[in-house]
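S.K.: Here it is, the structure in full.
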Amino acid sequence: VLLGSPDDTAVVPRVGLRDQGAGITEAVAHLLGLGHRRVAYVSGPPELQHTRVRRAAFEGALRKAGLRPFAVLPTDFSERRAVGATEALLDSADRPTAIVYANDSMAVCGIGTAQRAGLAVPRDVSVVGYDNLPLGSWLHPRLTTVDQQVQRVGAAAARMLLALCGEEVEDTALAERPRLVVRESTGPALT
Numbered sequence: 001v002l003l004g005s006p007d008d009t010a011v012v013p014r015v016g017l018r019d020q021g022a023g024i025t026e027a028v029a030h031l032l033g034l035g036h037r038r039v040a041y042v043s044g045p046p047e048l049q050h051t052r053v054r055r056a057a058f059e060g061a062l063r064k065a066g067l068r069p070f071a072v073l074p075t076d077f078s079e080r081r082a083v084g085a086t087e088a089l090l091d092s093a094d095r096p097t098a099i100v101y102a103n104d105s106m107a108v109c110g111i112g113t114a115q116r117a118g119l120a121v122p123r124d125v126s127v128v129g130y131d132n133l134p135l136g137s138w139l140h141p142r143l144t145t146v147d148q149q150v151q152r153v154g155a156a157a158a159r160m161l162l163a164l165c166g167e168e169v170e171d172t173a174l175a176e177r178p179r180l181v182v183r184e185s186t187g188p189a190l191t
């Protein structure tokens, strides 16, 4: 059983969410609705398919609103690189008012880096993560994040594996999309 984003080239049963870019698109729409116009993205390695899909969604959502990305900084998903990317963004004279991170671990580092720089989240900079890890709901401020519904994907994969032990099964790619979980790390943009 292949676990991940479904595609039409797989020759084995697969399970995953459709439209990996939908969560990023929803996050950008949320930030634009709060008045943010200088939105940056701290992404993962460009050689990964989901990184490319999410970056395209990020850039497309901003273009649709008549904006261009403030900055896109690729990383290796590590906390160390997230801190470095955040410092570079916040040290610029015209810093972003919002930063979207490719995962929650990096977003947690982004919040900490902003706070150590004397900035308040979300007053001075809004932060959005991706994955909806439990840690995000324990932060202060609680992290706004994209939920990939990994528990549902995992349960569907387990059901498919059990069915494969006894009989042929149909492809069960989940029709759900990632969804934004709005918490306290996003707020209105300061002008």
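Each step along the sequence shown adds one to the number in this note's numbering, with nothing skipped, and position 16 is 16. Positions of the beta carbon are idealized from the N, C-alpha and C atoms, including for glycine.
Among Thr51, Leu32 and Val153, which one has its Cα closest to the Cα of valine 127?
M.R.: Taking the first residue of the sequence shown as 1, we reach residue 127 at position 127. Of Thr51, Leu32 and Val153, the residue nearest in Cα terms is Leu32.
S.K.: Might you give, ordered along the chain, the residues of its own chain that have their beta carbon closer than 8 angstroms to the beta carbon of leucine 119, omitting 5 neighbours on each side?
M.R.: Here residue 119 corresponds to residue number 119 of the sequence shown, with the count starting at 1. Around leucine 119: Leu90 and Val125.
S.K.: Decide yes or no for the touch test of the segment 56–68 against the segment 103–117: beta carbon pairs closer than 8 angstroms, at least 3 of them.
M.R.: no
S.K.: Which residues share a DSSP beta bridge with leucine 73?
M.R.: Counting from 1 along the sequence shown, the entry for residue 73 is found at position 73. Note: leucine 73 sits in a beta bridge opposite Val42.
S.K.: Can you name the start and end residues of the beta strand (DSSP E) that serine 126 belongs to?
M.R.: Along the sequence shown, read from residue 1 onward, the residue named residue 126 stands at position 126. Start and end: 126–130.
S.K.: Closest by CA to proline 141, which one among Val150, Asp131, Gln149 and Ala107?
M.R.: The residue labelled residue 141 in the question sits at position 141 within the sequence shown. Checking every option, the nearest Cα to that of proline 141 belongs to Ala107.
S.K.: Which residues does DSSP pair with arginine 159 in a beta bridge?
M.R.: For the purposes of this step, residue 159 is taken as residue 159 along the sequence shown, with counting starting at 1. Answer by DSSP bridge pairing: none, since arginine 159 is not bridged.
S.K.: Given that a residue counts as buried once 16 or more other Cβ atoms are within 10 Å of its Cβ, and exposed if not, what is cysteine 165?
M.R.: Position 165 of the sequence shown, counted from the start, is the residue given in the question as residue 165. Exposed, by the Cβ-count rule.
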